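Undergrad: Residue numbers (my numbering): 19 to 421.
Virtual Cβ for every residue (Gly too), placed ideally from N, Cα, C.
Note that the structure is predicted; figures quoted are calculated from it, not measured.
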């Protein structure tokens, strides 16, 4: 969970990754963010924190998550495809790695009330889960549209004791839920901890969330060593909205430049349409929710609403660390349309018996677009399971399951 000692890829003291990052916040949030910045490293790097964090990841989350050799998928793409099974974690996605870390941090800081934003609902469920575990009040802000299309996760949050507040402004999706959570934090500065779900927002959130998610790539390394006698794959592929699952999958490979890091954005109806969430392909440098990064915006700086069939990728920006990694050429950015993601999802379901989240399906879609050698080792991060997306899959079943 350290910074790996490489200044080229990690945040400086002010939270910048090159030109990206920082903390562009209103004065009313300064106390909250500065308190967190001063306290997070001493707390999370302490021996007692690390002991409890690792124990919960093992005994409660169920880590390590398997690294599965997908034989039939490998035969299709004539290479060696491994799936990192974050979908098998407790709560069904990678999100719980981060919520475990942040809830322990919140407790150490004496906070009693937890707020969060969520799009696909996986982060909301993971936050509600750890709040129930620790006996803390939980409020989740979620765009009204996402509440409707991710109802199974809404019901899980409520069953776990969380209050779910629909966001009615803007596009009524993830961005707007994040805005409402920030307003909540401004109004409740003393007892409230904002548990951000991705590598976005003002410093120190991008750095902190990346550290908690780095367990993904930490495990991939030793699991590959066991299976292939080398801890380095040729490719690591992950979907990217804000980018926490991708950052977790990339983190411990950043210094290993022989490993190609592929981040797949949601193209929606196509990057050349107005219905897309491809923040790098369509975006420019600006400020969103407290950080300087790539985002989709008008010429006068107004944020353009994002669209994706996947609620978790329906976000008009990208984490600042990802922006920096792209800018210096360390990562390759690809995109996948709704159609390509659905094709990939049904393919995995039919050939491997795994129903992925729509977010993860975007990463799988990259397999058709890359040219592999037969000896290559390709790791795809399956960031979540597809239970939450069953309504969408059922609606498209006739089109994609004609056999």
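Can you tell which of 219, 32, 197 has its C-alpha closest to the C-alpha of residue 309?
TA: When only C-alpha atoms are compared, the closest one is 219.
Undergrad: Determine the closest residue to residue 405 out of 416, 321, 383, 377, with distance taken between C-alpha atoms.
TA: Ranking 416, 321, 383, 377 by Cα distance to residue 405 puts 377 first.
Undergrad: May I ask you to report which of helix, strand or coil DSSP gives residue 154?
TA: Three-state DSSP puts residue 154 in coil, outside helix and strand.
Undergrad: By alpha-carbon positions, which one of 198, 221, 150 ends up nearest to residue 39?
TA: Looking at the Cα atoms, 221 is the closest of the given residues.
Undergrad: With distances taken from CA atoms, which of 260, 305, 66, 307 is nearest residue 284?
TA: The shortest C-alpha separation from residue 284 is found at 260.
Undergrad: Taking DSSP as the reference, what is the three-state secondary structure of residue 72?
TA: It is helical.
Undergrad: Please name the residue, chosen from 409, 295, 272, that lies closest to residue 346 on a Cα-to-Cα basis.
TA: If we check each option's Cα against that of residue 346, 272 comes out closest.
Undergrad: Confirm, please, whether the CB-CB distance from residue 101 to residue 75 is below 9 Å.
TA: No. Outside cutoff.
Undergrad: Look at residue 314 and residue 295 and say whether their C-beta atoms are less than 9 Å apart.
TA: Yes, Cβ-Cβ distance for residue 314 and residue 295 is below 9 Å.
Undergrad: Just to check my reading of the structure: residue 1 and residue 293 have Cβ atoms closer than 8 Å, yes? What is that Cβ distance to the nearest angstrom?
TA: Residue coverage of the chain in this structure runs from 19 to 421, which leaves residue 1 outside it and unanswerable.
Undergrad: Which class does residue 355 belong to by DSSP, given the choice of helix, strand or coil?
TA: If DSSP states are grouped into helix, strand and coil, residue 355 belongs with the strands.
Undergrad: Beta strand (DSSP E) containing residue 210: first to last residue?
TA: Here the beta strand (DSSP E) through residue 210 covers 210-212.
Undergrad: Are residue 262 and residue 215 touching if we call contact CB-CB under 9 Å?
TA: Yes, the pair counts as a contact, with Cβ atoms nearer than the cut-off.
Undergrad: Let me know if residue 417 comes out buried or exposed under the rule of 16 or more other beta-carbons within 10 Å of its beta-carbon.
TA: Label assigned to residue 417: exposed.
Undergrad: Can you tell which of 282, 54, 144 has its C-alpha closest to the C-alpha of residue 134?
TA: Measuring from the Cα of residue 134, the nearest candidate turns out to be 144.
Undergrad: Evaluate residue 422 with the Cβ neighbour count: other Cβ atoms within 10 Å of its Cβ, from every protein chain shown; 16 or more gives buried, anything less gives exposed.
TA: Since the first and last residues shown for the chain are 19 and 421, residue 422 lies out of range.
Undergrad: Would you kindly work out how many angstroms separate the C-alpha atoms of residue 208 and residue 50, rounded to a whole number?
TA: When rounded, the distance between both Cα atoms is 8 Å.
Undergrad: Rounded to whole angstroms, what's the CA-CA distance from residue 183 to residue 274? Just pull it up for me.
TA: Each residue's alpha carbon lies about 43 Å from the other.
Undergrad: Count the C-beta pairs between the segment 315-326 and the segment 115-132 that are closer than 8 Å, then say yes if the count reaches three, no if not.
TA: Segments in contact, no.
Undergrad: I need the boundaries of the beta strand (DSSP E) containing residue 388, first residue and last residue.
TA: Counting along the chain, residue 388 falls outside any beta strand (DSSP E), and DSSP gives it neither H nor E.
Undergrad: Going by alpha carbons, who is nearest to residue 26 out of 339, 248, 172?
TA: When only C-alpha atoms are compared, the closest one is 339.
Undergrad: For the alpha helix (DSSP H) that residue 406 lies in, which residues bound it at each end?
TA: Element bounds for residue 406: n/a, residue is neither H nor E.
Undergrad: Can you list, in chain order, the residues of its chain whose CB lies under 8 Å from that of residue 58, leaving out five sequence neighbours each side?
TA: Excluding residues within five positions, the ones whose Cβ falls inside 8 Å are 123, 222, 226.
Undergrad: What residues are listed by DSSP as bridge partners for residue 159?
TA: Answer by DSSP bridge pairing, in chain order: 135, 183.
Undergrad: Within 10 angstroms of its Cβ, does residue 412 collect 16 or more other Cβ (buried), or is it exposed?
TA: By the neighbour-count rule (16 or more Cβ atoms within 10 Å), residue 412 is not buried but exposed.
Undergrad: Is there contact between the segment 378-385 and the segment 112-123, where contact requires at least three CB pairs shorter than 8 Å?
TA: These segments do not touch.
Undergrad: What is the DSSP secondary structure of residue 419, reduced to helix, strand or coil?
TA: Reduced to three states, the DSSP call for residue 419 is coil.
Undergrad: Quick check on the burial criterion: 16 or more other C-beta atoms within 10 angstroms. Buried or exposed for residue 10?
TA: Past the edges of the chain, shown from 19 to 421, lies residue 10, and the structure says nothing about it.
Undergrad: Taking its Cβ as the centre, do 16 or more other Cβ atoms sit within 10 Å of residue 361, making it buried, or is it exposed?
TA: Residue 361 comes out buried.
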